[in-house]
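Protein chains in written order, with the working numbering: chain A, 1 to 379; chain B, 1001 to 1564.
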């Protein structure tokens, strides 16, 4: 796909974010195209790509090798348990895989329409039960729990499906971000729209990639989510991910102050606004809260050119995680832009007035959701 | 040996003043080296100080202007040793915490060193005129520091400071001259004038201007108004020295010269002093609650906390006097810590307004360590156990309660109010979300953190192990207090007016005997408080203040004077 600028001939949108709508219709992105933004976005996506790769490997390891393990003490070790690794784990000088699980739980809780339909189907139940029974053979405790709470193991398998789907999604995304970084290093990426285009192309390319999940127990492979289930990358992983992680997620303690009893947390999940695009880069006290876990992980993989930019700030290294958080948020607006443009009902360059009007309504709908995010703060 | 405490900084100041231009950039390091040398010397002195001797040590005496009765007579005892230690520490910290890019560095560090030397001189001077000389000399550098490096209203604040403290000096000098003239000794040497016998009325006439003079310095309400202005306008290092050491000159002077020279009159005015303490504590605390400037809150807090020292001084028992020393050290450290922290907040944010500041505990872009230390400082100031403030206030209250129960209880309200104003400050300034306007604060350097960390460690260590703080003064204070007790015994045996209270007399004798058999170091153990005069007085049938029961004008006054 190539970037094409189209002259806007119809009047500006009356929407409060009409400037951004105009920019999007002109081939721009939610994030303004500046050299500083480009360095921040590409640099942070490089480190994010490295971290995502670690996350996805672990998520898929858990899905495939920690299948119904009742006490998964070493689930973050990817099957390689050594004393050195254990000490590193306890010292917390490691990738915080907990963040990946938070995101997985976010997706599970907010749901993905196609995935949930399949998980509620009889086909899934039969396939999952076969695996559960295979796992239970020779495990008295697992059998006992399965007998007492027949839905427990099934629900665990549903969660493992989300582990797997998020792992597969992040596998694609991490390669996409690292490829973006390589292209930037080669001088092929020189603007924010180019970043968006790269991501959009990647999403389109992987759009129909099937999401599958299988476990191998005692030498036999159990296909729990077969290709025939029809779950695909874009609609059953990317879109639910954006909805759950970018927009909704949870009211993480430390990022926002809330009183659930006073109904300060919306009762309708669809009204949740605690996702990455809403996140406050300045956490209020505390430590180890999920968004800062990701920031902490990314500190280890910041490319030198971005690190130099950060060091020029007044606080130098002191507020590195905040700077990373802000850059990460900028990069996520680029990913959101790519998702928006990829799902646009008609080509952005269409000349048909009716189609353009429909596109505009579509963008205004997105702006309604984005108006309370940090979008205005990154302009 | 003691002269080094005075003359090393003064000669160091002269050296800095004469520095060639090429070395001006290193003024701060040189000043720091001089302050370090003084600090090391103070530690050496402290290590050689015999804590078992109640009287003066390391005495030096040189004739100076003998026709005026002025001799260069120095000495140090358990009352002045802790204050000398604090002075050396805080001078070093004040220099270390000074802005490395301060304008006119040569003059600034000259003044800081002269200030430190003059304060040390005042604490070790054993001649009244010599004390007055040092007392007055320290005004000049502080006045200049405020007037030159102060805030927007520095001229007003410095002038007010000068007028008030000059008035204080005039009153003190008048009292000293009066003492010399009336006693016809033609000497201002402390030991000479102390041995003079004066009638009560004369003592009162001399003590009252002395109390007012030192009361201005402390300051007590209503002579306090110069202090908040001076603190607000003074640069942080000057505030540290002002609150940490200079105010202690007032309480030190009260004990050394008020209680020491006029003990009978002191007993007479003790109830009034206790009420003045109540006024200072409550006024200072309520005024602190009403402030929006962090520095003013700490300044008014100082007014309140100095009131505790007045309360304990008024009682003048061994336990309460231990409380005065503990509170002087405690307040010196805690107020220095709080001013240092407020100084960092101001230097990084450009404001001290608690209605503007918010969320500074933010771990990434706020001042998390400074905020944490502020919480510790506030806890210490509010008398939370485990910190030096608790120990000091507990001893003050325990020592004062039997003699002045109502006044002590009212002062205890002040401790509660301390928690109120500091919680208001901490809640507004450090909690909540960091506003965007404060989200790009300059980087915090180790120079900003280290002084506060050092003082915080002392606040905690001395809170856990208070005997390290009180070991210097135990014997001296015990001697001072025991003179009071002896006097009580003497009075009761000779006075017909108190003949009916024979039971009391016996109890006091028992008290004396028991006190003499108890190791003095146990004074720092709260469990040992049971044997103190305060405890006995608490069980007294009479609820009259100690002073009211001691007055007997027919007694030879020389027997009433503590040997300090």
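Idealized CB from N, CA, C, for every residue including glycine.
Span of the alpha helix (DSSP H), counted from its first residue to its last, around residue 90 of chain A:
83–91
contact_flag[the segment 1310–1328 of chain B, the segment 1439–1454 of chain B] where n(CB pairs < 8 Å) is 3 or more
no
Give the residues of chain B in contact with residue 322 of chain A, contact being defined as C-beta atoms less than 7 Å apart.
1364, 1365
Can you find a C-beta in chain B that's less than 7 Å from the C-beta of residue 297 of chain A?
no
Can you have a look at residue 152 of chain A and say buried or exposed, based on whether 16 or more other CB atoms are within 10 angstroms of its CB?
exposed
Straight-line CA distance for residue 145 of chain A to residue 99 of chain A?
28 Å
Counting only Cβ pairs nearer than 8 Å, list the residues of chain B close to residue 314 of chain A.
1440, 1441, 1442, 1443
DSSP three-state label for residue 1071 of chain B, please.
strand
Where the alpha helix (DSSP H) through residue 1161 of chain B begins and ends:
1154–1183
Give a yes or no on whether 7 Å exceeds the smallest Cβ distance from residue 1434 of chain B to chain A.
yes
Distance cutoff 7 Å, beta carbons only. Does residue 2 of chain A sit that close to anything in chain B?
Any reading at residue 2 of chain A must be qualified, since the residue scores a pLDDT of 47, below 50, and its modelled position is unreliable; the value itself is stated next. Chain B, which has no Cβ nearer than 7 Å to the Cβ of residue 2 of chain A, makes this no.
Go ahead and pull the three-state DSSP assignment for residue 351 of chain A.
coil
Below 8 Å on the Cβ atoms is my contact criterion, and I expect residue 1276 of chain B with residue 1288 of chain B to pass it. Report the Cβ-Cβ distance as a whole number of Å.
The pair is not a contact, with the Cβ atoms about 18 Å apart (cut-off 8 Å).
Within 10 angstroms of the Cβ of residue 1010 of chain B, are there 16 or more other Cβ atoms? Answer buried if so, exposed if not.
buried
Would you say residue 319 of chain A reaches chain B, if we count a Cβ-Cβ gap shorter than 7 Å as a contact?
yes
Rounded straight-line distance, which links the Cα of residue 215 of chain A to that of residue 67 of chain A:
8 Å
Rounding to the nearest angstrom, what Cα-Cα distance links residue 1375 of chain B and residue 1426 of chain B in this structure?
7 Å
Below 8 Å on C-beta distance, what does residue 375 of chain A contact in chain D?
Protein chains in the displayed structure are A and B, and chain D is not among them.
N-terminal and C-terminal residue of the alpha helix (DSSP H) that residue 1141 of chain B is part of:
1139–1149
For residue 1232 of chain B, which of B/1175, B/1269, B/1248, B/1292 has the nearest alpha-carbon?
B/1292
Verify the CB distance criterion: does residue 293 of chain A have a CB-CB separation below 7 Å to chain B?
no
Whole-angstrom distance between residue 1436 of chain B and residue 347 of chain A, CA atom to CA atom
39 Å
Among A/274, A/199, A/327, which one has its Cα closest to the Cα of residue 299 of chain A?
A/327
Inter-residue spacing [alpha-carbon to alpha-carbon] between residue 1526 of chain B and residue 1087 of chain B
Caution is warranted here: a pLDDT of 36 is assigned to residue 1526 of chain B, below 50, making its placement in the model unreliable, and the coordinate value is therefore given only provisionally. Answer to the nearest angstrom: the Cα atoms are 27 Å apart.
Which chain B residues are close to residue 282 of chain A, counting only those with a beta carbon under 8 Å from its beta carbon?
1359, 1362, 1364, 1365, 1433, 1434, 1439
For residue 1364 of chain B, which option in A/378, A/367, A/317 has the closest C-alpha, if you only look at C-alpha atoms?
A/317
Is the beta carbon of residue 1348 of chain B closer than 7 Å to that of residue 1442 of chain B?
yes
Kindly identify the DSSP beta-bridge partner or partners of residue 220 of chain A.
A/217
Looking at residue 1213 of chain B and residue 1280 of chain B, is the spacing between their C-beta atoms short of 7 Å?
no
Start and end of the beta strand (DSSP E) containing residue 1065 of chain B?
1057–1065
Can you give me the Cβ contacts of residue 321 of chain A inside the same chain, cut-off strictly under 8 Å, excluding the 5 residues immediately before and after it?
292, 295, 296, 299
Assign residue 200 of chain A to buried or exposed, taking buried as 16 or more other Cβ atoms, counted over all protein chains shown, within 10 Å of its Cβ.
buried
DSSP puts residue 1127 of chain B in a beta bridge; with which residues?
B/1189
Alpha helix (DSSP H) segment containing residue 342 of chain A, residue limits
320–342
Rounded straight-line distance, which links the Cα of residue 1162 of chain B to that of residue 1139 of chain B:
7 Å
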